[in-house]
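Trainee:
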Amino acid sequence: MISGSGVQVMSGYEGGRQVEEAELVNRAREGSDAAWHSLVYAHQEAIFRLTYLLLGDRDEAEDVAQDTFIRAFHALGTFDETRPLRPWLLAIATNLVRNRRRSLGRYLAAMRRAIQAEPPPVTTLGERTGQEWEAQTLWQAVRRLRAAEQEVVYMRYFLEMSEADMASALQVAPGTVKSRLHRALARLRTVVDTDFPALREERQS
Amino acid sequence: MNQSPHEQPDEQLEQYLRDTAGAFHYPPTPDIAGAVRQRLAHDPGQRSRGRHSQRRLAWAAIVLLLGLVSSLFVPQVQAFVRSIFRIGAIEIVVATATPGASNTTPSPLWDPRLRGQTTLAEAQNEVSFPIKLPTYPPDLGRPNRVFVQDEAGPLVILGWVEADQPDQPRIVLYEMSTNTAQNVIRKTTEQTNVLQATRVHGREALWVRGPHILEFSDGRGTDLARLVEGDVLIWEEGPVTYRLESKLTLEEAVKVAESLTQVPELTGLMATPLPLPMTPVPIAGLAGERTLAEAQGEVLYKIRLPTYPQGIGEPDRVFVQYLGSPIIILAWLQPEDKTRARMVLYQMTYDVIGEKSVSSLEMVQETTVNGNRAAWVRGPHFLSFKDRAGETNMEERRLVDGNVLVWEEDGVTYRLESSLTLDEAVRVAESLR
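Residue numbers (this note's numbering), protein chains in the order written: chain A, 1 to 205; chain B, 1001 to 1433.
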């Protein structure tokens, strides 16, 4: 949430929730699997959605999301529970995705080149609104960006994260987040203009 | 409004993105919490899908030998290494290398299965130390290939190819954070090669000669192996450890090593490190607290307590951690800061095999406790444990800033962390009742 002056009003964690979460983390550290279970439950959607956006495949995203929480569990000893859990989890997830992507990247890049002429049609099995179609197509456009650029776009506009949380999740300085976003938007504009004429019109209307 | 897209201010585009992304239809979130719970219940210590490499930092442990033996000839080193570094349940793994192992391919470095190929700038983004490049030989130029791995800590691999044979490596330089909890690369051994102590910038370094196998993980649980035909120079500079493979002579390799400099355009791109367990963890962070009586109930052997120094008393805190079978952790706290320990004693049996991975050039010294062979390990290091199946279960959290004495007695392995001198530590160890 950004107020008119550009100041972050809310980072996504109110004071009370943060305390509760720290409690659960401590209990999880001591071996309470119920505590870890509820933490996973609280964050699984966000982690799954980010990995889905990055990987484009539901099953892979589920794998990576699970691995994220397993890895996080084992690394709980190094986590500072006075800080919000989600950016840390997202950092782990992003790293796992990057590692996985690199080996697939070659092949996917080739595939992508092959279908570059037109964005792939979105087949709908159920009812989709016009806006959903647009969102899907926008996603295809974002997927043309480089991995680092995609990460910031998803985190900022799809997951609506603050720049501060993004900096934690990406393990970079907040200034770096800003400049990556700026570059990503510039690239995205170009991609949309050249390859996604339908989107361009939507946007300008 | 027919504004050219390039003129549209960012804010408008951002608003559009937010609105549109808000309508994005995600697949339903699966029951990840349930699946994670199941996985943790069945294998509480197991890393996911065996992806986690069992390969440990072993190769850096080679440098331990520098402090131990003055003449490094093959068979003696081998025997010596094997005998000193298995202390009961704790095995200090020393990397050596083996030529001619059966199922390895003498493939070039760029095994297509090796993941993580990237650019220098992106690699720098991923690691929290500045990547350095050699400026010697003068015709070297920028690396032809750059890989980043993060199996268990960031590792950068820089490769330069032969001018006339683009798939043959000319020089391969590995850079990794010395403080990384585990490292991916491990050379396995049946025979050692000649290990030679040398110096880079006046500091101890290690030169490993001869063909050998380098094993590493491809990140998906597959172990790759490669025949390295040249020689390897290993050294440390502050928080970064380097490994240089080449066919150069030792003198030339040292020149390359000493020529490493930072790359100006990369400096702004370094990642900030995640907090690492290098500083002693407050004792509050440790799981599994028990009373002494409870802990005794969980193991079949008698938990022994030191009777030296005089009046030491019972431990302030007792923990039991499970890595297959229980590890008893007894902690005596600092009087002035009860969140930190001044001495910690671990007790465990053979079901747990601890592997000491030494991540810095430090000394390991052989000694005895009550006539039993013991090892004295100085300085910061990491300890990891694996169970009989070979799966690594836990990364250590160092609880005391100090040194470690490891010994075995009557089937129980002990590990004493303290800031005591060796003599004092041995006295404590010999005082256990």
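Using N, Cα and C, we set each Cβ at its ideal position, and we do this for glycine too. Source: prediction; values computed, not measured.
(1) Whose Cβ in chain B lies nearer than 7 Å to the Cβ of Arg183 (chain A)?
(2) For a test of your reading of the model: does the CB of Gln1310 (chain B) fall under 7 Å from any non-hydrogen atom of the ligand MN? Yes or no.
(3) With burial defined as no fewer than 16 other Cβ atoms inside 10 Å of the residue's Cβ, what is the status of Lys1132 (chain B): buried or exposed?
(4) Assuming Ile92 (chain A) and Arg71 (chain A) are in contact, meaning their beta carbons sit under 8 Å apart, how far apart are those beta carbons, in whole angstroms?
(5) DSSP on Ile1157 (chain B), reduced to helix/strand/coil?
(6) So is Phe73 (chain A) in contact with chain B if we call contact Cβ pairs under 8 Å?
(7) Could you list the residues in the segment 22-38 of chain A with a C-beta less than 7 Å from some C-beta on chain B, going in chain order?
(8) For Gly1288 (chain B), return the contacting residues in chain A, with the cut-off set at a CB-CB distance below 8 Å.
(9) Closer than 7 Å between beta carbons: that is the criterion. Which residues of the segment 1015-1040 of chain B meet it against chain A?
(10) Relative to the alpha-carbon of Pro1264 (chain B), which residue among B:Leu1120, B:Leu1405 and B:Ser1419 has its alpha-carbon at the smallest distance?
(11) Check distances from the C-beta atoms of the segment 39-67 of chain A to those of chain B and list, in chain order, the residues that come in under 7 Å.
(12) Measuring only between beta-carbons, confirm whether Arg189 (chain A) sits less than 8 Å from chain C.
(13) Given that Leu1013 (chain B) touches chain A, what residues does it touch there, using C-beta distances under 7 Å?
(14) When we look at the beta-carbon of Arg189 (chain A) and count the other beta-carbons within 10 Å, is it buried (16 or more) or exposed?
(15) Any idea if Ala1253 (chain B) is buried or exposed, counting beta-carbon neighbours within 10 angstroms, 16 or more meaning buried?
(16) Exposed or buried, which one is Tyr154 (chain A) when buried takes at least 16 other CB atoms within 10 Å?
(17) Would you tell me roughly how many angstroms separate the C-alpha atoms of Tyr1136 (chain B) and His1201 (chain B), rounded to the nearest one?
(18) Give a yes or no on contact between the segment 1025-1043 of chain B and the segment 166-180 of chain A, applying the rule of three or more CB pairs nearer than 8 Å.
(19) Going by other Cβ atoms of all chains shown within 10 Å of its Cβ, with 16 needed for buried, is Asn1370 (chain B) buried or exposed?
(20) Measure the C-alpha to C-alpha separation of Glu1237 (chain B) and Leu1244 (chain B) and round it to an integer number of angstroms.
(21) Mind listing the chain B neighbours of Phe158 (chain A)? Cutoff is C-beta to C-beta under 8 Å, in chain order.
(22) What is the DSSP secondary structure of Ile92 (chain A), counted as helix, strand or coil?
(23) Beta carbon of Arg1433 (chain B), beta carbon of Thr1261 (chain B): below 8 Å?
(24) With three or more beta-carbon pairs closer than 8 Å as the criterion, would you say the segment 1337-1351 of chain B touches the segment 1410-1417 of chain B?
(25) To which residues does DSSP link Tyr1414 (chain B) through a beta bridge?
(26) Are Val1426 (chain B) and Asn1403 (chain B) touching if we call contact CB-CB under 8 Å?
(27) How would you list, in chain order, the residues of chain A whose beta-carbon sits under 8 Å from the beta-carbon of Asp1010 (chain B)?
(28) Under 8 Å by Cβ, that's how I've got Ala61 (chain A) and Thr51 (chain A) pegged, so tell me the actual separation to the nearest angstrom.
(29) Please report the residue range of the beta strand (DSSP E) in which Glu1236 (chain B) lies.
(30) Figure out for me which residue from A:Glu30, A:His182 and A:Ala169 has the closest Cα to the Cα of Arg83 (chain A).
(31) Give the secondary structure of Gln1321 (chain B) by DSSP, where H, G and I count as helix, E and B as strand, and everything else as coil.
(32) Do Val40 (chain A) and Leu76 (chain A) have their C-beta atoms within less than 8 Å of each other?
(33) Using beta-carbon positions only, say whether Ala135 (chain A) and Ala1023 (chain B) come within less than 8 Å of one another.
(34) Need the endpoints of the alpha helix (DSSP H) that Thr1241 (chain B) sits in, please.
(35) Could you tell me which chain B residues have their CB closer than 9 Å to the CB of Glu132 (chain A), listed as they occur along the chain?
(36) Cβ of Pro1143 (chain B) within 8 Å of Cβ of Gly1159 (chain B)?
Mentor: Quick answer:
(1) The contact set of Arg183 (chain A) on chain B, defined by CB atoms closer than 7 Å, is empty, because the minimum CB distance reaches about 11 Å.
(2) Absence of the ligand MN is noted for the structure shown, with no ligands found whatsoever.
(3) Within a 10 Å sphere around the beta-carbon of Lys1132 (chain B) sit 16 or more other beta-carbons, which makes this residue buried.
(4) Yes, Ile92 (chain A) and Arg71 (chain A) are in contact; Cβ-Cβ is about 6 Å, under 8 Å.
(5) In the three-state scheme derived from DSSP, where H, G and I count as helix and E and B as strand, Ile1157 (chain B) is classed as strand.
(6) Phe73 (chain A) counts as touching chain B.
(7) Listed in sequence order: Arg29, Glu30, Gly31, Asp33 and His37.
(8) Within 8 Å Cβ-Cβ: Glu30 and Gly31.
(9) Per Cβ criterion, the list reads Tyr1016, Leu1017, Arg1018, Thr1020, Ala1021, Ala1023, Phe1024, His1025, Tyr1026, Pro1027, Thr1029, Pro1030, Ile1032, Ala1033, Ala1035, Val1036, Arg1037, Arg1039 and Leu1040.
(10) Looking at the Cα atoms, B:Leu1120 is the closest of the given residues.
(11) Against chain B - using a Cβ distance shorter than 7 Å - the residues of the segment 39-67 of chain A are Val40, Tyr41, Gln44, Glu45, Phe48, Arg49, Tyr52, Arg58, Glu62, Ala65, Gln66 and Asp67.
(12) Absent from the structure is chain C; the protein chains it does hold are A and B.
(13) Ordered by position in chain A, the residues that pass the 7 Å Cβ test against Leu1013 (chain B) are Leu185 and Arg189.
(14) That one is buried.
(15) With 16 or more Cβ atoms within 10 Å of its Cβ, Ala1253 (chain B) is classed as buried.
(16) Looking at its Cβ environment, which holds 16 or more other Cβ atoms inside 10 Å, Tyr154 (chain A) is buried.
(17) Note on geometry: alpha-carbon atoms of Tyr1136 (chain B) and His1201 (chain B) lie some 15 Å from one another.
(18) With contact defined as three or more Cβ pairs closer than 8 Å, the segment 1025-1043 of chain B and the segment 166-180 of chain A are not in contact.
(19) Within 10 angstroms of the beta-carbon of Asn1370 (chain B) lie fewer than 16 other beta-carbons, which makes it exposed.
(20) One C-alpha to the other measures close to 13 Å.
(21) At a beta-carbon threshold of 8 Å, the residues of chain B lying near Phe158 (chain A) are Ala1021 and Phe1024, ordered along the chain.
(22) Looking at Ile92 (chain A) - three-state DSSP - the assignment turns out to be helix.
(23) Arg1433 (chain B) is not a Cβ neighbour of Thr1261 (chain B), given a cutoff of 8 Å.
(24) Yes: the two stretches touch, three or more of their Cβ pairs being nearer than 8 Å.
(25) Beta-bridge pairing links Tyr1414 (chain B) to B:Gln1347 and B:Trp1407.
(26) Their beta carbons are not under 8 Å apart, which means Val1426 (chain B) does not touch Asn1403 (chain B) by this criterion.
(27) For Asp1010 (chain B), the chain A residues whose Cβ falls inside 8 Å of its Cβ are His182 and Leu185, in order along the chain.
(28) Ala61 (chain A) to Thr51 (chain A), Cβ: 4 Å. Contact.
(29) Asp1231 to Glu1237 is the extent of the beta strand (DSSP E) around Glu1236 (chain B).
(30) Looking at the Cα atoms, A:Ala169 is the closest of the given residues.
(31) DSSP, reduced to helix, strand and coil, places Gln1321 (chain B) within a strand of the structure shown.
(32) Not in contact: Val40 (chain A) and Leu76 (chain A) (Cβ atoms no closer than 8 Å).
(33) Taking 8 Å as the Cβ cut-off, Ala135 (chain A) and Ala1023 (chain B) qualify as a contacting pair.
(34) Where Thr1241 (chain B) is concerned, there is no enclosing alpha helix (DSSP H), although the beta strand (DSSP E) around it starts and stops at Val1240 to Ser1246.
(35) Within chain B, the residues near Glu132 (chain A) are Ala1023, Phe1024 and His1025.
(36) For the pair Pro1143 (chain B) and Gly1159 (chain B), the CB atoms are nearer than the 8 Å cut-off.
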